[in-house]
Structure formats: structure tokens, C-alpha cells
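Read through the structure below, which is laid out as C-alpha cells, and then see the notes.
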Amino acid sequence: MASIQEILTQLQAGSIDLAQAFAMAAGGPNAAEMPVMQDGGNLVVARLDRNRRERCGFPEFIYGAGKTVEELLKIIPELYASGVNVLATRVKAESGKVLQERFPQGVYDPRSGSFLWMQKDVQPRGKAVVLAAGTSDLAAATEAEMTLKACNCHSELIIDVGIAALHRLLNVLDRLESADVIIAAAGMEGALPSVVAGLVKVPVIALPTSVGYGANLSGITPMLAMLNSCASGVTVVNIDNGFGAACAAVRIINSKY
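Quick note on our numbering: the sequence shown kicks off at 230 and runs consecutively.
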């Protein structure tokens with residue numbers, strides 16, 4: 230598989246044209262594309278992106294929602310065989326049980342619906358701290374932590390440090406200050422990321438969750454509160470999107486290591 234640098238070198242030398250360069254960068258025929266997996270007929274199950282790690286800093290992952298367990302069983306070993314960590318998100322419990330049995334080296338987390346199968350001898354880098362305001366925020370926070378692991382980043386999950394008991398957060402302040410990036414998952418009124426960002430100089434990624442009573446509006450209230458944070462520079466991702474929060478954190482870590 231040609232690297233992005235090799236593709237650009239060939240393009241500059243004139244040995245390939247622009248269309249060929251785009252095809253190679255996208256994992257097309259000239260890049261020895263992974264097999265296109267089919268369901269036994271003509272329906273394409275997946276076209277696996279071999280160059281995403283080179284382009285984006287992390288490999289292609291699997292969005293498990295809407296995929297059958299049979300489709301996951303086809304895709305997962307193909308990805309793993311390419312030498313990357315495999316992460317499937319939003320996998321239903323019954324499918325997760327099958328994946329755990331078929332690939333016992335992997336780990337399925339039923340709370341977040343994440344399945345993670347790591348390559349051997351991985352050398353993690355950086356440090357990301359994931360905060361869960363309450364135990365009820367763990368689904369999104371755990372999805373973020375497993376995504377960080379899939380991207381070969383050190384991660385630490387700290388639970389139940391919401392602002393209803395501010396002393397709990399202050400007790401872990403030294404661990405926050407030593408991080409490269411912090412993900413703060415919170416529902417209810419979503420104040421945790423603002424408080425954290427007012428205490429440390431570390432980049433803070435706000436992860437709103439759908440946890441809360443009626444006026445939480447299934448996560449819209451904390452999301453709007455985080456977008457309107459008076460603590461400058463807070464990044465906000467979508468509701469319950471632990472995966473997206475972790476990918477943002479990985480980009481920060483990749484810029485440092």
C-alpha cells in the first residue's frame with residue numbers, strides 16, 4: 230500500500246496522473262484495495278479505507294448500528310488483518326456477545342456498545358483524561374475511552390466528579406493538569422466542562438449526554454450550555470458522541486507526539 234508521501238512523489242514525477250493519485254489515496258484499485266465484501270450477491274457490505282490512518286491519524290472504525298452480526302463478522306477480521314486496531318461502536322448486546330465469542334481476544338463493553346480488538350505490542354502515547362460527571366454518563370464516557378485506546382493513546386477514566394460535589398473534582402485536579410487533553414462528559418445542565426476549563430490550561434472537549442430530567446431535553450440543554458460556556462476555548466461535540474470526542478482528542482495528541 231502506497232503512503233501519501235509516495236503517492237505525491239509519483240504525482241510530482243509524472244508517473245501517475247491526478248485521477249490515479251486520488252484513487253490511490255482513497256484506497257482504489259491502484260492501492261491494492263482491501264477486498265470489497267459482499268453478502269453473497271451484488272450488495273456491497275463495505276469498502277475498507279486502507280489509508281485513513283495516514284490521512285487522518287487514526288484508522289477506519291466501524292459504526293455498528295444498522296449492521297447485522299453477519300456483516301460485522303465479515304468486516305472485523307479484514308480490518309484486523311490489515312494491522313490496525315479494530316473498534317466497532319454502537320453494537321447491540323446480542324451482536325456483541327457473538328463477537329466476543331468469535332474473537333475472544335477482543336473486549337465488548339455492553340454499556341457503550343463498543344467492541345475493541347487491539348493489535349499486539351501496542352505502544353500508547355500521550356495522556357487523555359475522560360471525566361464522567363455521574364455514573365449515568367458512563368455510556369458516552371466509556372465509548373470515548375475505548376476509542377482512545379483504539380487510537381493507541383493512554384487514557385484515564387475518572388467517574389462521578391460532577392459539580393454537585395465540587396470537592397470530588399478538586400481532589401483530582403493534579404491528574405487533570407498532567408493530561409494532554411480532557412474529555413468531560415456531563416448531562417443535566419452540562420456545567421462540568423466549563424468548571425474544568427476554568428481550572429486548567431489543558432484543552433477541554435465537552436461531551437454532552439442525554440442524561441437528565443425533562444428540561445434536559447435529551448441532551449440539548451447541556452449541549453447549548455457547553456456551546457455558551459464562559460470558559461474560553463471549550464470544544465463541544467454532539468450529544469452522546471463519545472467516539473467523536475475521542476477522535477478530537479486524538480488529533481490534539483497526534484499534534485504533540
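Ideal placement from N, C-alpha and C gives every residue a C-beta, glycine not left out.
Beta carbon of residue i, beta carbon of residue j: below 8 Å?
i: S423; j: D469; result: no
i: G355; j: Y442; result: no
i: A426; j: A460; result: yes
i: L277; j: E299; result: no
i: A379; j: N314; result: yes
i: V466; j: L377; result: no
i: L421; j: A362; result: yes
i: L328; j: L345; result: no
i: A369; j: G473; result: no
Measuring CA to CA, which of the options is closest to residue i?
i: G325; options: F332, T318, Y337, S365; result: Y337
i: Y309; options: V401, P288, A362; result: P288
i: I449; options: V313, F472, M417; result: M417
i: S484; options: C285, N400, A444; result: C285
i: I291; options: Q334, R319, V327; result: R319
i: G462; options: G471, A475, L428, L240; result: L428
i: H383; options: P353, M347, L328, T364; result: P353
i: E283; options: E235, L446, A242, T364; result: E235
i: E323; options: G293, S244, S311, A242; result: G293
i: I481; options: P437, L446, A444, A408; result: A408
i: L311; options: M347, Q249, K321; result: Note on identity: in this sequence residue 311 is Ser, with Leu being the wrong assignment. The shortest Cα separation from S311 among M347, Q249, K321 belongs to M347.
i: I494; options: R397, S244, L360; result: Because the chain here runs from 230 to 486, residue 494 falls outside it and cannot be looked at.
Decide if residue i is buried, meaning its Cβ has at least 16 other Cβ atoms within 10 Å, or exposed.
i: P451; result: buried
i: D403; result: exposed
i: D366; result: buried
i: N381; result: buried
i: K349; result: exposed
i: I233; result: exposed
i: W238; result: A small fix is needed here, since residue 238 is Thr in this sequence, not Trp. Looking at its Cβ environment, which holds fewer than 16 other Cβ atoms inside 10 Å, T238 is exposed.
i: T464; result: buried
i: A317; result: buried
i: A275; result: buried
i: D246; result: exposed
i: F251; result: exposed
i: P258; result: Any reading at P258 must be qualified, since the residue scores a pLDDT of 46, below 50, and its modelled position is unreliable; the value itself is stated next. Exposed, because fewer than 16 other Cβ atoms sit within 10 Å of the Cβ of P258.
i: G295; result: exposed
i: L395; result: exposed
i: G419; result: buried
i: G335; result: buried
i: A444; result: exposed
i: A261; result: Any reading at A261 needs caution, since the residue's pLDDT is 43, under 50, leaving its predicted position unreliable; the model's value is listed next. Exposed is the call here.
i: A242; result: exposed
If I'm right that residue i touches residue j with Cβ under 8 Å, what's the distance once you round it to whole angstroms?
i: V351; j: E385; result: Not confirmed; about 17 Å, so no contact.
i: F332; j: I304; result: With 8 Å as the limit, F332 and I304 do not qualify as a contact, their Cβ atoms being about 12 Å apart.
Can you check whether the C-beta of residue i is within less than 8 Å of a C-beta belonging to chain C?
i: M452; result: In the structure shown, chain C cannot be found, because there is only a single protein chain.
Could you check whether the region 373 to 380 touches the region 331 to 351, counting it as contact only if at least three pairs of C-beta atoms, one from each stretch, sit closer than 8 Å? yes
For the 8 Å Cβ check, are there 3 or more pairs between the region 429 to 438 and the region 411 to 418? yes
When you compare the region 450 to 462 with the region 376 to 395, are there three or more beta-carbon pairs, one atom per stretch, that lie closer than 8 Å? Segments in contact, no.
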